[in-house]
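Chemist: Order-wise, the sequence lines are chains A and B.
Last residue of the first sequence? That's 246 in the numbering used here, and every number before it is there in order.
Last residue of the second sequence? That's 492 in the numbering used here, and every number before it is there in order.
Ideal Cβ placement from N, Cα and C applies to all residues, glycine included.
All values derive from a computational prediction rather than experimental measurement.
There are 2 protein chains.
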Amino acid sequence: MSVSAYPLSHRFLLGRARHRLSEHERGVVEGLITDVERFTSAHVVLERGDVVSRSTLLIEGFVARVINEGGRRHIVALHVPGDFVDLHAFALKRLDHSIVSIGPVMVGYTTHKKLEGLMQTEPHLSRMLWFSTLLDAAMHREWIMKLEHLSADGRLAHLIAEIWQRLDFVGLADPGGFPFPLTQQELADSCGTTAIHMNRVVRKLRENGIAEISRGRVTVLDKDALIEAGGFDPSYLYGKGDLMLD
Amino acid sequence: MSVSAYPLSHRFLLGRARHRLSEHERGVVEGLITDVERFTSAHVVLERGDVVSRSTLLIEGFVARVINEGGRRHIVALHVPGDFVDLHAFALKRLDHSIVSIGPVMVGYTTHKKLEGLMQTEPHLSRMLWFSTLLDAAMHREWIMKLEHLSADGRLAHLIAEIWQRLDFVGLADPGGFPFPLTQQELADSCGTTAIHMNRVVRKLRENGIAEISRGRVTVLDKDALIEAGGFDPSYLYGKGDLMLD
DNA sequence: ATGGCGCTTTAACATTTGTTAGTGCAGTCT
DNA sequence: AGACTGCACTAACAAATGTTAAAGCGCCAT
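1) For the candidate residues 331/B, 335/B, 297/B, whose alpha-carbon lies nearest to that of residue 347/B?
2) Among 319/B, 475/B, 427/B, whose alpha-carbon lies nearest the alpha-carbon of residue 463/B?
3) Based on the DSSP output, what are the partners of residue 132/A in its beta bridges?
4) Rounded to the nearest angstrom, what separates residue 210/A and residue 160/A at their Cα positions?
5) With H, G and I counted as helix, E and B as strand and the rest as coil, what does DSSP make of residue 505/B?
6) Grouping DSSP H, G and I as helix and E and B as strand, with all else coil, what is residue 275/B?
7) Measure from the C-beta of residue 138/A to each C-beta in chain B and report whether the shortest distance is under 9 Å.
8) Taking the alpha carbon of residue 52/A as the point to measure from, which residue in 96/A, 80/A, 23/A has its own alpha carbon closest?
9) Report the CB separation of residue 252/B from residue 283/B in whole angstroms; it is logged as a contact under 8 Å.
10) Buried or exposed: residue 461/B, going by 16 or more other Cβ atoms within 10 Å of its Cβ?
11) Can the beta-carbon of residue 338/B be found closer than 9 Å to that of residue 138/A?
12) At a CB distance below 8 Å, what residues from the region 76 to 95 of chain A approach chain B? Give them in sequence order.
13) What's the call for residue 270/B, buried or exposed, on a 16-neighbour Cβ count within 10 Å?
14) Under 7 Å Cβ-Cβ, which residues of chain A neighbour residue 477/B?
15) Whose CA, out of 411/B, 418/B, 471/B, lies closest to the CA of residue 483/B?
16) Any beta-carbon of chain A closer than 9 Å to the one on residue 261/B?
17) Buried or exposed: residue 75/A, going by 16 or more other Cβ atoms within 10 Å of its Cβ?
18) DSSP three-state call for residue 416/B: helix, strand or coil?
19) If you reduce the DSSP assignment to three classes, tell me which class residue 445/B lands in.
20) By the 10 Å Cβ neighbour count, where 16 or more other Cβ atoms means buried, how is residue 480/B classified, buried or exposed?
21) Would you call the region 116 to 125 of chain A in contact with the region 348 to 359 of chain B, where contact means no fewer than 3 C-beta pairs closer than 8 Å?
22) Going by alpha carbons, who is nearest to residue 305/B out of 344/B, 294/B, 295/B, 349/B?
23) From residue 433/B to residue 223/A, what does the alpha carbon distance come to, in whole angstroms?
24) Who are the Cβ neighbours of residue 379/B in its own chain at under 8 Å, not counting the five residues just before and after it?
25) Does DSSP classify residue 90/A as helix, strand or coil?
26) By alpha-carbon positions, which one of 402/B, 274/B, 420/B ends up nearest to residue 429/B?
27) With 16 as the cutoff for other CB atoms within 10 Å, does residue 4/A come out buried or exposed?
28) Please list, in chain order, all residues of the same chain as residue 34/A whose beta carbon is under 7 Å from its beta carbon, the five residues on each side excluded.
29) Return the CA-CA distance between residue 201/A and residue 143/A, expressed in angstroms with no decimal places.
30) Measuring alpha carbon to alpha carbon, tell me which of 15/A, 194/A, 229/A, 68/A ends up nearest residue 80/A.
31) Do residue 316/B and residue 149/A have their C-beta atoms within less than 9 Å of each other?
32) CB residue 257/B to CB residue 328/B, shorter than 9 Å?
33) If you reduce the DSSP assignment to three classes, tell me which class residue 323/B lands in.
34) Can you tell me which residues form a DSSP beta bridge with residue 46/A?
35) Indicate the three-state DSSP secondary structure (helix, strand or coil) for residue 281/B in the structure shown.
36) In its own chain, which residues sit with a C-beta less than 8 Å from the C-beta of residue 492/B, not counting the 5 before and 5 after it?
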């Protein structure tokens, strides 16, 4: 990946169907970021209930949206670089869930004041910001479907396929797989199962020659089988050509 | 419920924390509705994949957001009167799921052209429209959490508590329960289980004296036990006082 | 009124998943 | 080197849920 003119924000909406930001708009987005911060793994970036006056763009690494309930941690969404992780706080103000870093992370901040100004002066860009929160909602719906429909095997396959595709949109996937720092416990928290059962599932994926998950990396061995196992149809991601890595 | 000056749209955002629409804005929203249509049960109001140029406000009755997958129907969200059911199509254009009526329904339509005009002239109202789509996303997240966290018993209790609260926001609940036309099959589709197992769960709720579901109505017998069983915390609904029916 | 139809209910059995209780392994700190 | 720690992994058993197969029940149309 060569050096970009927009080093912090260039992945925002990258690869998406309706991503048609002008040079001017891309400059505006880059200019939104007033501040940058790095975190190590398992850092709580934002706490449920916080009333915030700024929003957070994920620049490097992975974060999870987490709801703690009944002494257990539930991951309700994962984010990859380029995602605005709490743009919704601009309209909602109070957060209904926490944001936690997974692995080392770099985030950028923008103020709601800046966003308000942008709403007045950049109607098209405003709509693209809205679009990006609607993408989140579309992914949420797919997760709901996946949780209702699939057994733990399928859920993991679907998760892997989705993250692979999303990383590909922003230029962070490779044909053989992708970096992925989640532990089996965190995978379990994302799939609504237990770490013990997730371990069975991970083993089964490996034994079936579909994918290997280890040492912070997912290696996909059989892409078609993966897509089949997860019933993965990427159309809900609204990618440029709705193509899967090719 | 007395006659409102805004007979079609008066339930839009009613009861919500950040619902502060001026008289002028309420008039604008009412004026959005160019057309009204009624459907009987099980009518497909919108089909996945449709490219639409208008958006749909639910005026009376219930609709479900549905994703068909693997020969099975999965309900990923339910809507009550006052909800804009496909406002997201304004920015997303192509629908990633279908909308199906449950019971008799009245909907109103507005054009995306009208919404575009509104984006220019009504910045506060635009933000409230955005807010309403973010509410959907917050509900999606809670559903994800519920599906990851709860057994079928808890999921049904949570669903009932949520719908009861949402109907209360818009003046359609009563202290003893609420009208609710879902079949056990549809409840199962909403909770990610089978109709047979849903039947066990419905019976258990009844036998435990928590709630009765029959003849198109939910009767809540023990509100505290219901909330307890579903681990229901209404804060994600961003209601006016975050209070549960009192 | 009667037959059909969709919804509810039950039973018996299979499968998946959760729970409890561990072992092993690799990195890291002292 | 040795102890500690987090993560991966396994086994045995318990509980929840899915599957298949029917039967009953109420509503509606002819």
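Modeler: Looking at the atomic coordinates:
1) Translated into positions along the second sequence, residue 347/B becomes position 101. The shortest C-alpha separation from residue 347/B is found at 331/B.
2) What you label residue 463/B is simply residue 217 of the second sequence in a count that begins at 1. Residue 463/B has its Cα closest to that of 427/B, out of 319/B, 475/B, 427/B.
3) Here the question's residue 132/A lines up with position 132 in the first sequence. None; residue 132/A has no bridge partner.
4) Looking up residue 210/A in the first sequence gives position 210. Looking up residue 160/A in the first sequence gives position 160. Those two C-alpha atoms are separated by around 11 Å.
5) Any answer about residue 505/B is impossible in this case: the structure gives chain B only from 247 up to 492.
6) Along the second sequence, one-based indexing puts residue 275/B at 29. Three-state DSSP puts residue 275/B in a helix.
7) Position 138 of the first sequence, counted from the start, is the residue given in the question as residue 138/A. With 9 Å as the cut-off, residue 138/A counts as an interface residue toward chain B.
8) Position 52 of the first sequence, counted from the start, is the residue given in the question as residue 52/A. Taking only the C-alpha atoms, the option nearest residue 52/A is 96/A.
9) Locating residue 252/B in the second sequence gives position 6, counting from the first residue. Locating residue 283/B in the second sequence gives position 37, counting from the first residue. The beta carbons of residue 252/B and residue 283/B sit about 18 Å from each other, so the pair does not count as a contact at 8 Å.
10) Counted from its first residue, the second sequence places residue 461/B at position 215. When all chains shown are included, residue 461/B counts as exposed.
11) On the second sequence, position 92 is the one that residue 338/B refers to. On the first sequence, position 138 is the one that residue 138/A refers to. Going by C-beta atoms, residue 338/B is nearer than 9 Å to residue 138/A.
12) 76, 77, 88, 91, 92, 93, 94
13) Here residue 270/B corresponds to residue number 24 of the second sequence, with the count starting at 1. Exposed, since its Cβ has fewer than 16 Cβ neighbours within 10 Å.
14) One-based indexing of the second sequence puts residue 477/B at position 231. What residue 477/B touches in chain A: 69, 70.
15) Here residue 483/B refers to the residue found at position 237 of the second sequence. Measuring C-alpha to C-alpha distances from residue 483/B to each of 411/B, 418/B, 471/B identifies 411/B as the nearest.
16) For the purposes of this step, residue 261/B is identified with residue 15 of the second sequence, where counting begins at 1. Residue 261/B does not count as touching chain A.
17) As a working mapping, residue 75/A is identified with position 75 in the first sequence. Buried.
18) The residue labelled residue 416/B in the question sits at position 170 within the second sequence. The answer is coil: DSSP assigns residue 416/B none of H, G, I, E or B.
19) As a working note, residue 445/B is residue 199 in the second sequence. Residue 445/B: helix per DSSP, three-state reduction.
20) To locate residue 480/B, count along the second sequence from 1; it is residue 234. So residue 480/B counts as buried.
21) no
22) Along the second sequence, read from residue 1 onward, the residue named residue 305/B stands at position 59. That would be 349/B, whose Cα lies nearest to the Cα of residue 305/B.
23) Within the second sequence, numbered from 1, the residue matching residue 433/B stands at position 187. Within the first sequence, numbered from 1, the residue matching residue 223/A stands at position 223. Cα atoms of residue 433/B and residue 223/A: separation of roughly 34 Å, rounded to the nearest angstrom.
24) Taking the second sequence and counting its residues from 1, one reaches residue 379/B at position 133. Once the five neighbours on either side are set aside, the close Cβ partners of residue 379/B are 330, 333, 334.
25) Counting from 1 along the first sequence, the entry for residue 90/A is found at position 90. Residue 90/A: helix per DSSP, three-state reduction.
26) Against the second sequence, residue 429/B aligns to sequence position 183. Per the Cα distances, 402/B.
27) Looking up residue 4/A in the first sequence gives position 4. Residue 4/A is exposed by the Cβ-count criterion.
28) Here residue 34/A is taken as the residue at index 34 of the first sequence, counted from 1. These residues qualify, in order along the chain: 109, 110, 111.
29) In the first sequence, residue 201/A corresponds to position 201, counting from 1. In the first sequence, residue 143/A corresponds to position 143, counting from 1. Those two C-alpha atoms are separated by around 18 Å.
30) Within the first sequence, residue 80/A is the residue found at index 80, counting from 1. Here the closest residue by C-alpha is 15/A.
31) Your numbering for residue 316/B matches position 70 in the second sequence. Your numbering for residue 149/A matches position 149 in the first sequence. Yes. Within cutoff.
32) Taking the first residue of the second sequence as position 1, residue 257/B is located at position 11. Taking the first residue of the second sequence as position 1, residue 328/B is located at position 82. Yes.
33) As a working note, residue 323/B is residue 77 in the second sequence. Strand.
34) Residue 46/A sits at position 46 when you count from the first residue of the first sequence. Note: residue 46/A sits in a beta bridge opposite 99/A.
35) Position 35 of the second sequence, counting from 1, holds the residue named residue 281/B. Reduced to three states, the DSSP call for residue 281/B is strand.
36) Residue mapping note: residue 492/B aligns to position 246 of the second sequence, counting from 1. Residue placement at residue 492/B is poorly supported in this model, since its pLDDT is 39, which falls under 50; the coordinates still yield a value, given next. Correct list: empty, nothing qualifies.
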